Structures are given as structure tokens and as C-alpha cells.
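Worksheet: one structure, shown below.
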Amino acid sequence: MCLWKTTPTTTFFVTPGGALDPRMTGANRWTGLKYTGSGTIYQQSLGYIDNGYNTGLNANWKFDMWLENSPVSHPLTGLRCINWYAGCDMATSLILPQTTDASGFYGATVTSGGAKWMHGMMSDAFYQYLQQMPVGGSFTMTINACQTSVNYDASSGARCKDQASGNWYVRNVTHTKAANLRLINTHSLAEVFINSDGVPTLGEGNADCRTQTIGSRSGLSCKMVNYTLQTNGLSNTSIHIFPAIANSSLASAVGAYDMQFSLNGSSWKPVSNTAYYYTFNEMKSSDSIYVFFSSNFFKQMVNLGISDINTKDLFNFRFQNTTSPESGWYEFSTSNTLIIKPRDFSISIISDEYTSAPSREGYVGSGEPALDFGYIVTTSGKNGRR
Numbered sequence: 001m002c003l004w005k006t007t008p009t010t011t012f013f014v015t016p017g018g019a020l021d022p023r024m025t026g027a028n029r030w031t032g033l034k035y036t037g038s039g040t041i042y043q044q045s046l047g048y049i050d051n052g053y054n055t056g057l058n059a060n061w062k063f064d065m066w067l068e069n070s071p072v073s074h075p076l077t078g079l080r081c082i083n084w085y086a087g088c089d090m091a092t093s094l095i096l097p098q099t100t101d102a103s104g105f106y107g108a109t110v111t112s113g114g115a116k117w118m119h120g121m122m123s124d125a126f127y128q129y130l131q132q133m134p135v136g137g138s139f140t141m142t143i144n145a146c147q148t149s150v151n152y153d154a155s156s157g158a159r160c161k162d163q164a165s166g167n168w169y170v171r172n173v174t175h176t177k178a179a180n181l182r183l184i185n186t187h188s189l190a191e192v193f194i195n196s197d198g199v200p201t202l203g204e205g206n207a208d209c210r211t212q213t214i215g216s217r218s219g220l221s222c223k224m225v226n227y228t229l230q231t232n233g234l235s236n237t238s239i240h241i242f243p244a245i246a247n248s249s250l251a252s253a254v255g256a257y258d259m260q261f262s263l264n265g266s267s268w269k270p271v272s273n274t275a276y277y278y279t280f281n282e283m284k285s286s287d288s289i290y291v292f293f294s295s296n297f298f299k300q301m302v303n304l305g306i307s308d309i310n311t312k313d314l315f316n317f318r319f320q321n322t323t324s325p326e327s328g329w330y331e332f333s334t335s336n337t338l339i340i341k342p343r344d345f346s347i348s349i350i351s352d353e354y355t356s357a358p359s360r361e362g363y364v365g366s367g368e369p370a371l372d373f374g375y376i377v378t379t380s381g382k383n384g385r386r
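Following this line, the structure appears as C-alpha cells:
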């Protein structure tokens, strides 16, 4: 399995580096890709585990899942389901049990409707454990999964395994941490001014941006993502990364080559939904992702009235693991920020440290020094420091 972490948040994504079963897959938080009942179906559940059998559950029966030799206390929160299936909670993809303890959960009633399986949703504590594991490290746990038609009361201490009838599965499962990807939020800040023809002019803080021509298209390229990737030698081509424009009108107005992305700033791929991507194997040779915006990209922004926008609101990066279609999606914002503004009659105020999150430390009280924050004011391409 491979673990992704977005800093400085506590958002994690675990995904198989090899075969899907036994399963340990999905994120601990919903992203902008969460399916809400309409549109394209991407992220359909939060992260979960199973014993490798992917056994179906009977409607209206009760289900327990608990771990022996669990790597962490309170590893599971309840029965995982696909959020848009009948009988599942669209908001959580979780069927709550009657009770939980340090080993697992008990007394989850299997709702009727869409299919349900012997899947346990992972707790935040489980993800935190995976984070601190060294790359190449392994752990083995015994997964117990039990269903019965008997209507027992788990909140009073009754358990599925003690009932007169039912199905109880016990299996040892070993997982190895094959990779750790950390997406680094540098808070780096730059700005660009565009005229009505879409021609960009770099403003303050442009250390990670430069004008560039790719083929017949001229525009601007910027380093937008910083990351570190540690592996145990894993080879994988089913994990893909690619950017996606968040504004549907802009996505329709521009061509595939008006926005391109690269792992080295010299070899580029166009942006077109899932058609073009870099694989996990290709990511191993880099630590950054660059994005190119053509002048036509900026021109279409002007035509659509999109201005004074932060690139974090304009597009995101997506991971897709084709091995795990239901929980193999993850989305994250760029670690570096580009502020795009119209060139005429514009004003911009940014930190003179070129960071989106300037900070100071001090003490409250009379006689204590003030906390000063320097800034840069830019108007129509001219700037001054304050």
C-alpha cells in the first residue's frame, strides 16, 4: 500500500500499490470529487479495509468486524458502503454500529437496497499509524468478520460470534508500506497580470514562474506543486496524477494544449480530463509539478469574466488509481499560489515575503513590541513597498 499526506493538514489517502485485495484503500476525508447524486461519479466512499474475500452481506442481518493484533486502538468506525447505493448515507458512506471498542465495531445493521460487503471504515487513528510507519515496514493483523440474522444487542455486550447461527470469517492479513508521498504546502506566492489579449505580465514574487513557448503556444509556466516521494522500489503504473480545471465554462472554452503539465519543466503533456497523466513510476524521478498556461488560456478567462482569481480556486490536481475505482480518487490544491489579475485598473496587496500565510510571534501587554507585516501594493503594473 502507498500513503499520501497533504501538509500541513491531516488529510490522508491510502491506495494499493499492487493487487486490490486484501483491501486498504481510500481517503480519510471527502474531496471536491465526492459524488453527491449527480454528475460524474468519482469518490464514492472514504477509506476502508477488508479481509481479501470481499464477502457480500445479507440485508437486515447484523455485522461485526474486529481486529486481533490491531496496529492501533479503535481502528474502525463502522460498516463502509458506497455512498449513492440504496441504504447508504450519501454524506458519510458509513453505516453506524451499535457500539465500538479498541478492536473494532459491533451490531451494524445491514440496510436493504444496494449491495454491502464486509468492509470496515478506517479511523483517523489508523491513518496516523500508517503515516508513522517507515517505508518498507509491514504489519500483520487478524481480521474477524461476522454476520448473523439474530437480532442481538451489541450495546449490551452481545456479539455476533456468540449467536447460534451466522457466518464468522477469520483471516490473517499483512500490509507493507511501499511508498510515502508528502505534498508540501510552501505558501509560495506569485502574481501575474493579463491584458485583454491574454498576454501575461509577471508581477511580484515570480521566482517559480517564467514566460515560455511550447510549440506554437506562448504563455507562462510555473512550478505549482512540491512533493517528496519515498518508495521501497515499488513499480506501479495504475496510479495516475493529472490536473483538472475547476471552472466548467473555462474547461470547455480552452483547448487541451492551452494548459499543460510537466514533471521537469521541459517535457509537457496536455490537460484533458483523464486522457493524459503521469504515473507513479514517472513521479519517482521528480519532486515538483509544473503547469503551463497559454495566452489563449488567459484570453478565455478574460472573455468569461474570470479575474482576480487564485489558482487554488481555478484548478486542482487529481490522483486516480485505476485498480480501485470506488475509493481510488483523491484531489488536492496546488502548494504554490498564483494570483491572476487583469492588467488594467487593478490593485494587488501581497506579503513582501511572497507567502500566502505570513506569520509573527509576540506577547500581549503594554511595552511589548508590535508585530509588523510588510506588504507590496501593485497598481496597473507598478508597485511600492510598505
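Residue 362 in full-length UniProt numbering sits at position 362 of the sequence shown, and the numbers go up by one each step. Beta carbons are placed, not taken as given, at the ideal position from N, Cα and C, and that holds for glycine. This one's a predicted model, so the numbers in the text were calculated from it and none came from an experiment.
Item                                                                                                                                                                : Value
Round the Cβ separation of residue 390 and T323 to the nearest angstrom and send it over; I've been treating them as touching at under 8 Å.                         : The question about residue 390 has no answer, for the chain in this structure spans 1 to 386.
Under DSSP, the beta strand (DSSP E) around E191 begins and ends at which residues?                                                                                 : L189 to I194
Determine the DSSP secondary structure at S248, reduced to helix, strand or coil.                                                                                   : helix
Restricting to runs no shorter than 3 residues, where is the beta strand (DSSP E) found entirely within the stretch 129-188?                                        : 138-148, 167-176 and 179-184
Could you give the first and the last residue of the continuous beta strand (DSSP E) run that contains L220?                                                        : R217 to T231
Would you call the stretch 142-153 and the stretch 24-40 in contact, with 3 or more CB pairs under 8 Å?                                                             : no
Residues in its own chain within less than 6 Å of R171 by CB, not counting five upstream and five downstream?                                                       : N51 and I143
Please determine, among N83, A256, V254 and N69, the residue with the shortest C-alpha to C-alpha distance to G113.                                                 : N83
For my contact list, F317 and F332 are in at a C-beta cut-off of 8 Å; report their separation, rounded to the angstrom.                                             : 6 Å
Going straight from the alpha carbon of G136 to that of T231, what length do you get?                                                                               : 8 Å
If you reduce the DSSP assignment to three classes, tell me which class L314 lands in.                                                                              : helix
Alpha carbon to alpha carbon, how far is N296 from V254? Give it in angstroms, no decimals.                                                                         : 7 Å
Nearest by alpha-carbon distance to I41: which of C222, Q320 and N58 is it?                                                                                         : Q320
Taking a contact to mean a Cβ-Cβ separation below 8 Å, would you say S218 touches C209 in this structure?                                                           : no
Are there 16 or more other CB atoms within 10 angstroms of the CB of E191, so buried, or fewer, so exposed?                                                         : buried
K62 bridges to which residues according to DSSP?                                                                                                                    : T109 and T148
Three or more beta-carbon pairs under 8 Å between the stretch 72-88 and the stretch 102-116, yes or no?                                                             : yes
What do you get for P134, buried or exposed, if any count of 16 or more other CB atoms within 10 angstroms of its CB means buried?                                  : exposed
Would you mind sorting Q128 into buried or exposed? The rule is 16 or more other CB atoms within 10 Å of its CB.                                                    : exposed
With a threshold of 7 Å on Cβ separation, who are the neighbours of A256 within its own chain once the five nearest residues in sequence on each side are excluded? : P270, V271 and S272
Since S123 and T174 should fall inside the 8 Å C-beta cutoff, what is the C-beta to C-beta distance between them, to a whole number of angstroms?                   : Actually they do not touch by this definition, with Cβ atoms about 20 Å apart.
Indicate the three-state DSSP secondary structure (helix, strand or coil) for E282 in the structure shown.                                                          : helix
Roughly how many angstroms separate the alpha carbons of I214 and S235, rounded to a whole number?                                                                  : 31 Å
In or out: Q43 buried (at least 16 other Cβ within 10 Å) or exposed?                                                                                                : buried
Which residue's Cα is closest to the Cα of Y48: W4, F126 and Y106?                                                                                                  : F126
Kindly indicate the opening and closing residues of the alpha helix (DSSP H) around M301.                                                                           : S295 to N303
Considering L338, what are the terminal residues of the beta strand (DSSP E) in which it resides?                                                                   : T337 to P342
Mapping the DSSP letters down to three states, classify A91 as helix, strand or coil.                                                                               : coil
Roughly how many angstroms lie between the CA atoms of M1 and I194, to the nearest whole one?                                                                       : 44 Å
As a quick exercise: from Y278, N264 and M121, pick the residue whose alpha carbon is nearest that of C81.                                                          : M121
Quick check: the Cα distance between S335 and L229, rounded to an integer number of angstroms?                                                                      : 15 Å
Answer with yes or no whether the minimum CB distance from S324 to chain C is below 8 Å.                                                                            : Absent from the structure: chain C. Only one protein chain is present.
My output table needs one value for A125: the three-state DSSP class, helix, strand or coil.                                                                        : helix
According to the neighbour-count rule (16 or more other Cβ atoms, all chains shown, within 10 Å of its Cβ), is L20 buried or exposed?                               : buried
Out of V72, Q132 and D64, which has the shortest C-alpha to C-alpha gap to T109?                                                                                    : D64
So, helix, strand or coil for A27, using DSSP?                                                                                                                      : strand
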